[in-house]
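Engineer:
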Amino acid sequence: MAADRAQVLAASGGDPLATAEAARNLAVLARKAGWHEQAMTIALTAAGSPALRGSDPRLAAERGLLIQSAAYTAACAGDRDQMREMTREAAAIAARMNGAVMLRDHGGGFAPATVQLHTISAENYAGDPGAAVAASGQIAPASLPTTERRSRYWTDTARAHWTWGHREDSIQALLAAEYEAPQDIHARPAIRDLIRSLLISGRTSPELRGLAQRSGIT
């Protein structure tokens, strides 16, 4: 309800970037609630707004973020083909830009690297860890603009390797994620569950034991 009100207020203010970002946040919440069709409609309707057309690269970046959001929703809905089609569309928008575009209301900005980062998550969720690992190989983690995104790169890569059966690669990716954002890695339930799975699935190395101890897992 709050996100819906935020979108209405943003629209009344006449700022196309604020309106689009409010719509993107609403679409994310709808997706998390399992309302995939509604989430897709919200994101794609906002992306198609004439207000996001123009020479300002921030408008194109926001449009790319909305299409990216719709692509992830398609992955959550199990539609791998649609996810890949929309990811290619977002990547084409990013490729036409001269480097990353930072947005006031979206700390990570939009760039080819961030589209590729999104692809790792989407392929993972759509059930193709091999494609997720391949996507991770196309990114230099240092090119990602924030600590949060670099941490996400490593955790998504770790999850893809684990799903694909690459246990040692998963451990190394988790250690890299811990280096980037130790508090986040130690506290996140999903990562702690992954660490527990690694502990019981094979040989327990000193590195893995240390990661588990630092995460409060015994």
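In our numbering, the protein residues as written are 11 to 228. Ideal Cβ placement from N, Cα and C applies to all residues, glycine included.
Out of 193, 181, 136, which has the shortest C-alpha to C-alpha gap to residue 158?
Structural biologist: 193
Engineer: Answer with buried or exposed for residue 210, where buried requires no fewer than 16 other C-beta atoms within 10 angstroms of its C-beta.
Structural biologist: Per the 10 Å Cβ criterion, exposed.
Engineer: Under the rule that 16 or more other beta-carbon atoms within 10 Å means buried, what is residue 108, buried or exposed?
Structural biologist: exposed
Engineer: In three-state terms, what does DSSP make of residue 220?
Structural biologist: helix
Engineer: Does DSSP put residue 74 in a helix, a strand or coil?
Structural biologist: helix
Engineer: How far does the alpha helix (DSSP H) with residue 196 in it reach, from first residue to last?
Structural biologist: Residues 192-197.
Engineer: State the Cα-Cα distance for the pair residue 94 and residue 137, rounded to the nearest angstrom.
Structural biologist: 13 Å
Engineer: Taking the runs of the alpha helix (DSSP H) that are 4 residues or longer, which of them lie wholly in the region 108-193?
Structural biologist: 122-136, 139-146, 157-174, 177-190
Engineer: Once DSSP output is grouped into helix, strand and coil, what is the label at residue 228?
Structural biologist: Coil.
Engineer: Give me the Cα-Cα distance between residue 67 and residue 77, rounded to the nearest whole angstrom.
Structural biologist: 15 Å
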